[in-house]
Structures are given as structure tokens and as C-alpha cells.
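**Student:**
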Amino acid sequence: MTFNLKHFLIIISFVFTKSYSQDGKIYEVTLPDGSKHIEQYFKYPGGKEALLKDLRDNFYIPKQAIKDKVSGQIILAITIDTTGIAKGKILKSLRPDVDSAAVQVVRKLKISEPAKQDNKKVPFTLSFPITI
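Here you go:
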């Protein structure tokens, strides 16, 4: 079972909404040429249920952040390259341990097929806020 980026964004918002409040900002998808449209989004093995499980199993709030009662927002960008490797980058930082936890969950994503544009594999980036 495969699904498109819209499903991914809906799922990821549910995952982070469970533990974090979202602020309603719009998700953004960007191709290397700066365009926002893509013909075929990435595919994830096992579909949305597997992605949801992987995100839930791998994302955590660092213990010290809980102890310190940290709150705020990070902006996380996920870039999936032409080989299907997902890399996370913090566009807006909260603090290093929380940032690191968000990036680590991205590293564990198992993309089975990257996005395609004009029948060629292309990298693309999507970004979204996580509020804790």
C-alpha cells in the first residue's frame, strides 16, 4: 500500500498533535528548483499505518526537556533525496536536545521510493512546526 504526501502530512499532524499542540501553520513542500508542485510523492513501505507506527515508536521528548518544562516551537524540514534517504534539518530551533530528538525520528524513516517529477527521481523538502 502506498500513499501520497497529503496522507503523510495528515498523519504527521496527528502524531504530533497527540503530544503537542499544532499552531495551524501551512505545511510546505519545495523541490530543488523552488517549485511547490510534484507529480508523484514518495512511497512508504506498509503505508500510512507503518509510518504512523514508526513515528510514534521513534519520537520522544528528552527527559531533561520534560524536567525543565520546556515549551515552544521548532520548525522541522524533512528532505528526501533521490535515493529515498530522509534527512531532518531544524529551521527554527527550540533547544539542542529537543531539536536532536526531532531530527533523529526522521533518520529512522524507511522511504521505499523517492518522489518523481517528469518521470525522474527528485529530492524534495517538506517542513512543518512542532509545538511542545
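Counted from 1, the sequence shown has number 38 at position 38 by full-length UniProt numbering; the numbering is strictly sequential.
Where is the CB? At the ideal position from N, CA and C, for every residue including glycine.
How long is the line joining the alpha carbons of Y41 and K120, rounded to whole angstroms?
**Tutor:** By one-based count along the sequence shown, residue 41 stands at place 41. By one-based count along the sequence shown, residue 120 stands at place 120. Distance between the alpha carbons of Y41 and K120: 12 Å.
**Student:** Sorted by chain position, which residues of the same chain lie with C-beta nearer than 6 Å to L94's C-beta, five sequence neighbours on each side aside?
**Tutor:** The count along the sequence shown starts at 1 and reaches residue 94 at position 94. So the qualifying residues of the chain are G72, I74.
**Student:** Around the Cβ of G24, are there at least 16 other Cβ atoms within 10 angstroms (buried) or fewer (exposed)?
**Tutor:** Here residue 24 refers to the residue found at position 24 of the sequence shown. Residue confidence is low: G24 scores 38 on pLDDT, short of 50, so the model does not pin down where it sits. Its coordinate-derived value is still stated next. So G24 counts as exposed.
**Student:** So which of A50, V106, S112, E39 has the shortest CA-CA distance to I90?
**Tutor:** Taking the first residue of the sequence shown as position 1, residue 90 is located at position 90. With distances taken between Cα atoms, I90 lies closest to V106.
**Student:** In three-state terms, what does DSSP make of S112?
**Tutor:** Your numbering for residue 112 matches position 112 in the sequence shown. S112 carries a coil assignment under DSSP once its states are collapsed to helix, strand and coil.
**Student:** Kindly indicate which residue of I132, P129, P114, I130 has the alpha-carbon position closest to the one of E39.
**Tutor:** Reading the sequence shown from its first residue, position 39 is the one you call residue 39. For E39, the nearest C-alpha among the options comes from P114.
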